[in-house]
Amino acid sequence: MGREVHILCPLSIQVGDCLLWLVGSPSVPSAILSAVRCVNFVRDTTEPDFSAEADELHSLLPRGLEISGVIFVENGGIKDLEKAGDLAVDMRRALGQVAGPSKPVEVIVGRAVAGTGVVEYKLYQLGEQPKVEALEISQDPTDFLSIWRNLSLLYCRMEFSVPLYLAPVPDASDYKAQLADAVEHIMRDLKSSRVVLLAKGSTAKAQKLGVVLVQPFNQLKTSETASNSSNASRKEGVQPNSLCSDLSQPPSFLTTSSGAQLPEPVELTVMLQQSHSSNGDVSAPVVHYVPAAENASTIQIMKLSMAVVCMGGSHVPLVDAASDLVLPALRDQLTTMKEISMRNTANKAEVCSYQFCPPGWLHPVTAIYDLSHGETEIALMEWRKKLHRRLRLTLDRPLLRAANAISFKNVDAGARTSGSRRLTDVHVGLVNSGVTGGRQSLIQGSYEYYHYLQDRIDDNGWGCAYRSLQTIVSWFRIQHYTTLPVPSHQEIQQMLVDIGDKEPSFVGSKEWIGAIELSFVLDKLLGVSSKILNVQTGADMPSYCRQLALHFETQGTPVMIGGGVLAYTLLGVDYNELTGDSSFLILDPHYTKGEDLKAIRSGGWVGWKKLVSQTGQPFFLQNKFYNLLLPQRPNTV
194 MGREVHILCP LSIQVGDCLL WLVGSPSVPS AILSAVRCVN FVRDTTEPDF
244 SAEADELHSL LPRGLEISGV IFVENGGIKD LEKAGDLAVD MRRALGQVAG
294 PSKPVEVIVG RAVAGTGVVE YKLYQLGEQP KVEALEISQD PTDFLSIWRN
344 LSLLYCRMEF SVPLYLAPVP DASDYKAQLA DAVEHIMRDL KSSRVVLLAK
394 GSTAKAQKLG VVLVQPFNQL KTSETASNSS NASRKEGVQP NSLCSDLSQP
444 PSFLTTSSGA QLPEPVELTV MLQQSHSSNG DVSAPVVHYV PAAENASTIQ
494 IMKLSMAVVC MGGSHVPLVD AASDLVLPAL RDQLTTMKEI SMRNTANKAE
544 VCSYQFCPPG WLHPVTAIYD LSHGETEIAL MEWRKKLHRR LRLTLDRPLL
594 RAANAISFKN VDAGARTSGS RRLTDVHVGL VNSGVTGGRQ SLIQGSYEYY
644 HYLQDRIDDN GWGCAYRSLQ TIVSWFRIQH YTTLPVPSHQ EIQQMLVDIG
694 DKEPSFVGSK EWIGAIELSF VLDKLLGVSS KILNVQTGAD MPSYCRQLAL
744 HFETQGTPVM IGGGVLAYTL LGVDYNELTG DSSFLILDPH YTKGEDLKAI
794 RSGGWVGWKK LVSQTGQPFF LQNKFYNLLL PQRPNTV
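To convert a position in the sequence shown, counted from 1, into my numbering, add 193.
Shown next, in the form of structure tokens:
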């Protein structure tokens, strides 16, 4: 038997795959964590453009991960395993991931049989006589916990406001020169001995340690100084013996809007010792002189919002993680941001870094955007399309917009608000559906919880469908499909009058609306089309679970359930195809109290509902029909 390799990510060959880079970690050498598509090729060839690939992968992948192999499709121009193995080694070299000539380089090579999806994996070892060995493959995309036993997630964010002193009509060369000088100044700071990092985690041990002071350039490597650390340095908070695991193990997890679970990271803050020199002597403050053109009369403040994630071994000392991962990642990102800003000399660049964990991914990735023209600007949309292709994501929905970004703050669902005092994502954490062996299919993305008596409107008894519609519109807003505000009851009524569905007297009334009216409003307001399922009786609801599961997996939008005398919002289903057992994740708009997550959950206003409760009460009435409104996502990134 050959060496065993664990594939921990969903990995299947898709249309458009020609060459895939396999991503792993030296701390988990027998695992494949993800696969990214090669998208840059030398013109008119099937040869990868290693320079362009390296530039993009440096920004995209967390530092600490590496290219561990490659999958090639037989009809994609690559003929044999050895050639593919050489490509993987060359990609590692371009990324600076080859240790040296004395250490043998091993990569995993997968050959996909065209049209079948079958992948044959081998171990390729580069040398004077290259070797190809068999591999045993195990695939378990659900075993995400295993990687975080050996890895720690590190997160560092920095904000810079760069002043540029420009002429009334800015000259591009002057703009670039000042920007380059400002970035070089920041780069020198990040390489200087004055850099200090404050690290904190969220585990029980981390709480006892408090904030850990890390001095990556003044502290020698931990292994060299552990026996020489002084009591004085410990009193000041310097912990030369601290490992990443001290602040990250055992991990506690947060759930992203895509449903992915990530460990709460070790958060690092970069600071500069302004009044101490490298030898410890006190030095005077320094005034920095910034040269500008003679006719400079305007100051342009350019903002750089940097954020990096790194994945280091849990056993790695914090000082090593800071010096080998975090600070180099910041310097790499700063270089990328400078290059992006240089391309936008006509406008004030607004360069931001975002982290994402798209559906099916086990670890975060980073995208850097210039938002000076907004997210719908054509060039930025084309860049997002390229990232979607790189990450093998669908091209019919925005998964890498700012609204999809991860917030690495330990915030409970009840405290997450969208700035409107409404609770968001109140279902997060409700995993026990009561179905054994079922498959859960849930809403993708975030929403606001709209319910009775909000906005000083007494809609008790008639406004449940309006509230469900508002929840659905909030979903489209938060996913950045629209910037339009969520409509009020009266605005909803006016739209139905405007399209000729209702008489003018409808505006200001307390008349009910149903799934058909909701579909009209979504079409007029957002240009969103909807599917409507007609269910003859509540007892038939389980027979629609397959269609509903497909909707949540392909569209991911909230579903409005109308029928009988009540309306609900459906957020997911759990269905066992073998037994037929089912459960429905219901968000109930009939709640009339304040924004209290505990009261909402304990009162059953959000939760899993079986067709018949434990007390024998049917949730869906058997003598009533129901219409299910399934909004469809617009086809855009």
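Where is the CB? At the ideal position from N, CA and C, for every residue including glycine. All figures in this text were calculated on a predicted structure; none of them were measured in a lab.
- CA-CA distance, residue 641 to residue 667, rounds to 6 Å.
- The Cβ neighbour count for residue 751, taken over all protein chains shown within 10 Å, is at least 16; the residue is labelled buried.
- Rounded to the nearest whole angstrom, the CA to CA distance from residue 601 to residue 503 is 13 Å.
- 742 is the residue among 623, 742, 706 whose C-alpha sits nearest the C-alpha of residue 632.
- Beyond the five residues adjoining it in sequence on each side, residue 557 comes within less than 7 Å, by CB distance, of 255, 455, 502, 548, 549, 550, 599 in the same chain, given in chain order.
- Residue 399 sits close to residue 440, with the two beta carbons spaced by under 7 Å.
- Counting only runs that start and end inside the region 333-364, the alpha helix (DSSP H) elements of at least 4 residues fall at 338-343.
- By the criterion of a C-beta distance shorter than 6 Å, residue 235 is surrounded in its chain by 242, once the five residues flanking it on both sides are discounted.
- About 6 Å separates the CB atoms of residue 344 and residue 218; that is less than 8 Å, so the two are in contact.
- Taking the Cα of residue 688 as reference, the smallest distance to any Cα among 715, 739, 298, 811 is reached at 715.
- Looking at 620, 561, 745, the one whose alpha-carbon comes closest to that of residue 824 is 745.
- The criterion of a C-beta distance shorter than 7 Å is satisfied by residue 260 and residue 285.
- Residue pairing from DSSP places residue 802 in a beta bridge opposite 777.
- When the five nearest sequence neighbours on each side are left out, the beta carbons in the same chain lying within less than 6 Å of the beta carbon of residue 592 are those of 551, 586, in order along the chain.
- Within the model, the alpha-carbon separation for residue 759 versus residue 458 is close to 43 Å.
- When rounded, the separation of the alpha-carbon atoms in residue 328 and residue 313 is 9 Å.
- Close CB contacts of residue 812 within its chain, under the 6 Å cut and outside five residues either way in sequence, are with 802 (chain order).
- Contact between residue 355 and residue 495 holds, since their C-beta atoms are separated by about 5 Å, short of 8 Å.
- Less than 7 Å divides the Cβ of residue 300 from the Cβ of residue 278.
- Only buried fits residue 225, as 16 or more other CB atoms lie within 10 angstroms of its CB.
- The beta carbons of residue 622 and residue 776 sit no closer together than 7 Å.
- Residue 385 has its alpha-carbon roughly 46 Å from the corresponding atom of residue 266.
- Inter-residue distance for residue 705 and residue 539 is about 52 Å (C-alpha atoms, whole angstroms).
- Secondary structure in the region 508-558: the alpha helix (DSSP H) runs of 4 residues or longer, each lying completely within the stretch, are 511-514, 520-535 in chain order.
- The alpha helix (DSSP H) runs lying completely inside the region 633-677 and spanning 4 residues or more are 657-671, given in chain order.
- Ranked by Cα distance from residue 367, the first of 347, 205, 491, 250 is 491.
- Secondary structure at residue 829: coil, using DSSP grouped into helix, strand and coil.
- The beta-carbon distance between residue 762 and residue 735, rounded to whole angstroms, is 19 Å. This is too long to meet the 8 Å contact definition.
- Taking residue 331 as the centre and dropping the five residues before and after it, the same chain places the C-beta of 197, 198, 199, 200 closer than 8 Å to its C-beta, in chain order.
- The C-beta distance from residue 756 to residue 817 rounds to 5 Å, short enough to meet the 8 Å contact threshold.
- Close CB contacts of residue 773 within its chain, under the 8 Å cut and outside five residues either way in sequence, are with 735 (chain order).
- Under the Cβ criterion (8 Å, minimum of three pairs), the region 506-524 does not count as touching the region 369-377.
- Cβ-Cβ distances below 8 Å link residue 595 to 545, 547, 562, 564, 568, 673 in the same chain, with the five nearest sequence neighbours on each side left out; the list follows chain order.
- Minimum Cα-Cα distance from residue 391 among the listed residues 380, 409, 231 corresponds to 409.
- CA-CA distance, residue 701 to residue 828, rounds to 35 Å.
- Just so you know, the alpha carbons of residue 577 and residue 311 end up roughly 29 Å apart.
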